[in-house]
Structures are given as structure tokens and as C-alpha cells.
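Remarks on the structure that follows.
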Amino acid sequence: MRLQSVAYVSVWVYDVSHVVQMDIDENAKDLDIDRLENLTKVIGELCECEVLLFNVKYINADGHLLRQAVRAQFLFINRTNDVLLPADLAISIIDKKALNPRMIMPKLSASSTYTVDAMKLSETVPHAYFREAALLLAIFTFLLFSVLIIFSMILCYHRSKFIREKKRYEDEKIAAGSMNKAKRYKQPLPYMESVEHNLREKYPNATDENIYTTQEIKMLVGVDDTMKRVRYADND
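Going by this note's numbering, the final residue of the sequence shown carries number 236, and the count climbs one at a time with no gaps.
Written out as C-alpha cells, the structure reads:
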């Protein structure tokens, strides 16, 4: 009579809604099997169900792997009917234990939450990039207008200064030309000065005592056109 050994294998089909995640702030190379088994046992006691650790991976943040932290993923199995518990139900059962302040509660989260957050993040990233680009464009436009305004003010100042200096130079030239013209062309006097005439003639043979001679003046007297001579003698 031959004895046959029979083995039973339990197979669970799960999806993202059954996965519970826990972040461990420690490098993966520093984790050992005993510690992970102890952590799984503690979580199972809190939930009062079987806990299966099936994955440990690095945390991906913005496309970069965080080497100093890992993320452990668990499945919770009901002990009575071997049915997988949803992640939200398992977390709610553990949260009820959190009312006891003496117990250290691990921080668990549903994997679906991360998935939804990732989807929301992928949807909001283009909008965030658009807002950042719009903000940078607004800042660049403001700086450009500020530089142009300052440059135009400097140009206006130098232009007004040049116009003032040019006008002053032209006025100085006009004033200097007017002064030279006034000196070059003298205006005649407003009246004619009378010229003094000396009717007395001095003869060469006159002496100092009697330097004047007899002068004759012709005059018309009356209407008969008779010319008379009038002699004036100066015996001084």
C-alpha cells in the first residue's frame, strides 16, 4: 500500500484595490528578513488577519529613486474564509486600534490612492508647467518693459539736454554776430552838427596888432537894384 502526499496551494487573484503600502525610512540593504517578518506579524495582529508581504521596492519621486527609503506592499487575507480584504477595509480595521495610545501604529495607505494621485499629478503637471511658463513670461515681459522705459527716459533726458545746449549755442552766436555788426557799421548821428566858418581873412602882411583887413559885403537895398558898398574898417 502506497501513501500519496497531497499538497494544497492557495491562490489569490488581486488587483490594485487590495494592495496596502507602507513606507519604511531605511535603505533596502540595511533591511533583513527577520525585521520584515516581525513587521508583517505586528500588522497581522493589529488587523486580526493573515498578512502577506509580496513586494519591497524603492520609492520613485519625480523620476528619481530615493535610496534611503523603501515601500513595502502587503495583502490582507481573512482567516475565516481566505478572502482578500480590500485595502480600505484593512486600513480602517488597523485605524481602530490606533485609539490605544500604548501601541505604535504603522502608517499604511492604499495603493489605489497612489495610483489616483499619480493620475491626477499627470493631469495637473501640464497645467503646472503652463502656469510656470506664463509666470516666467510675465516676469520677462515686465523686466523688458522696465528696461525699455528706463532707456527711453535716458534718451529723452539727453535729447532735451542737447536741444538746450544747441539753442544756447545758437543764441550766443546770434548775440556775437549782432555785436560785430554794430561795431562794423556805425549809424550816423540823428542831427547834423553846425560847421563854424571864419569869414575873416588873414593877409600875409598883417601884423599881430592889426591882423584883420577891410571886408566888403554886397547888399541889395531898396527896389532900384542900386548896389551900394559898405566898408567896414577895423582899426583895433
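Even for Gly, the Cβ is constructed at its ideal location relative to N, Cα and C.
What does the alpha-carbon distance come out to for the pair residue i and residue j?
i, j, result
"Met22", "Arg71", "6 Å"
"Ala28", "Ala138", "45 Å"
"Arg35", "Cys47", "19 Å"
"Gly44", "Leu136", "51 Å"
"Arg164", "Ser146", "27 Å"
"Glu32", "Leu39", "Sequence inspection shows Asp at residue 32; the Glu mentioned does not correspond to that position. Between Asp32 and Leu39, the C-alpha separation is close to 11 Å."
Would residue i pass as a contact of residue j if the rule is Cβ separation under 8 Å?
i, j, result
"His18", "Ala69", "no"
"Val20", "Leu108", "yes"
"Ala58", "Leu52", "Going by the sequence as given, residue 58 is Tyr instead of Ala. No, these two residues do not count as a Cβ contact at 8 Å."
"Leu75", "Phe54", "yes"
"Glu50", "Ile77", "yes"
"Ser10", "Asp82", "yes"
Provide the residue span of the beta strand (DSSP E) that contains residue i, from first to last.
i, result
"Ser109", "108-110"
Considering only residues of the same chain and omitting the five flanking positions on each side of residue i, which have a CB-CB separation below 7 Å?
i, result
"Ser5", "none"
"Glu132", "none"
Please return the same chain residues whose Cβ sits closer than 8 Å to the Cβ of residue i, not counting the five positions on each side in sequence.
i, result
"Ile174", "none"
Terminal residues of the continuous alpha helix (DSSP H) containing residue i?
i, result
"Ala7", "Looking at the DSSP string, Ala7 is not in any alpha helix (DSSP H), and its letter there is neither H nor E."
"Asp88", "87-97"
Which residues in the same chain have their Cβ closer than 6 Å to the Cβ of residue i, if we skip the five residues on either side of it in sequence?
i, result
"Ile93", "Cys47"
- [ ] Entirely within the segment 9-80 and at least 3 residues each: give me those beta strand (DSSP E) ranges in chain order.
- [x] 20-24, 50-61, 64-77
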